[in-house]
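In this text, residue positions in the sequence shown follow the working numbering: the first is 11, and each later residue adds one.
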Amino acid sequence: MPPVQTQAVLTSAPRYFTVTWDQLHRDSKALAWRLLERGPWLGVVAITRGGLIPAAIVARELDCRVIETVSVVTYDEEERGEPQMVKPPTAAGDGSGWLLVDDLVDTGTTARLVRQTLPGAHFATIYAKPAGKPLVDTFVTEVSQDTWILFPWDTEAQFVAPIAKSAPR
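1. Can you list, in chain order, the stretches of the beta strand (DSSP E) that have 3 or more residues and sit fully within the stretch 54-101?
2. For Gly53, which of Thr120, Glu71, Trp163 and Ala138 has the nearest alpha-carbon?
3. Under 7 Å Cβ to Cβ from Trp51, same chain only, skipping five residues before and after it: list those, please.
4. Would Tyr26 be called buried (16 or more neighbouring beta carbons within 10 Å of its own) or exposed?
5. Check whether the stretch 77-87 touches the stretch 133-140, taking contact to mean three or more Cβ pairs, one atom from each stretch, closer than 8 Å.
6. Using only the alpha-carbon positions, how far apart do Val83 and Pro178 sit?
7. I need the straight-line Cα distance from Arg59 to Ile173, nearest angstrom please.
8. In terms of DSSP beta bridges, what is Thr148 paired with?
9. Does the stretch 146-157 come within contact of the stretch 34-53, defined as at least 3 CB pairs closer than 8 Å?
10. Which of the three DSSP states is assigned to Arg25 in this structure?
11. DSSP three-state call for Thr30: helix, strand or coil?
12. Go ahead and label Gly105 buried or exposed: buried means 16 or more other beta carbons lie within 10 angstroms of its beta carbon, across all protein chains shown.
13. Could you tell me which of Phe169, Glu166 and Pro162 sits nearest to Thr30, measuring between CA atoms?
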């Protein structure tokens, strides 16, 4: 997922996939169902920030109380740069027995760095794009590479005038 959503980026994306809070919750539970037989887990590592909410839902459903985080920054202001781990997942060791959760694997930039840090972890995401899909072990929905996923924490509901009132006459 691109790190900074700017209007120029959003208008250039040919496709959009809007995820509501309800859909995110359903998809997170679907992910938990897929992971149930693979456990039990020593803990869950959430990739911040997008993986925080899915990880909380998955941890609840799998009755896992130990939650760790890892934070990777892949941008400098508004430009992509080399990924930097700004908060390592110290409690997870090499990841063996741990579940690694993110909302999305896109290009795989973040996933590659986290995989190097936690090679023993089982990596699960809700959504996977083709470029990053080989890096995850479990996912719920594949989304085309040119689709921009609009997560509920990145959007807000607002009034839109009826077409009849906004169309030129």
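Cβ atoms here follow ideal geometry from the backbone N, Cα and C, with glycine treated the same way. Everything numeric in this text was worked out from a predicted model, so none of it was measured.
This is what the structure holds:
1. The stretch 54-101 contains these whole beta strand (DSSP E) runs: 77-86 and 89-97.
2. Of all alpha-carbon atoms in Thr120, Glu71, Trp163 and Ala138, the one lying nearest the alpha-carbon of Gly53 is that of Glu71.
3. By the criterion of a C-beta distance shorter than 7 Å, Trp51 is surrounded in its chain by Leu72, Cys74, Gly107, Trp108 and Leu109, once the five residues flanking it on both sides are discounted.
4. Tyr26 should be labelled exposed.
5. Here the stretch 77-87 makes no contact with the stretch 133-140; the two share fewer than three CB pairs at distances below 8 Å.
6. The straight-line gap from Cα to Cα measures roughly 44 Å.
7. Between Arg59 and Ile173, the C-alpha separation is close to 36 Å.
8. Ala134, per the DSSP bridge assignment.
9. Yes, they touch.
10. Secondary structure of Arg25 (DSSP, three-state): strand.
11. Annotated three-state conformation of Thr30 is coil, per DSSP.
12. With 16 or more other Cβ atoms within 10 Å, it is buried.
13. Looking at the Cα atoms, Pro162 is the closest of the given residues.
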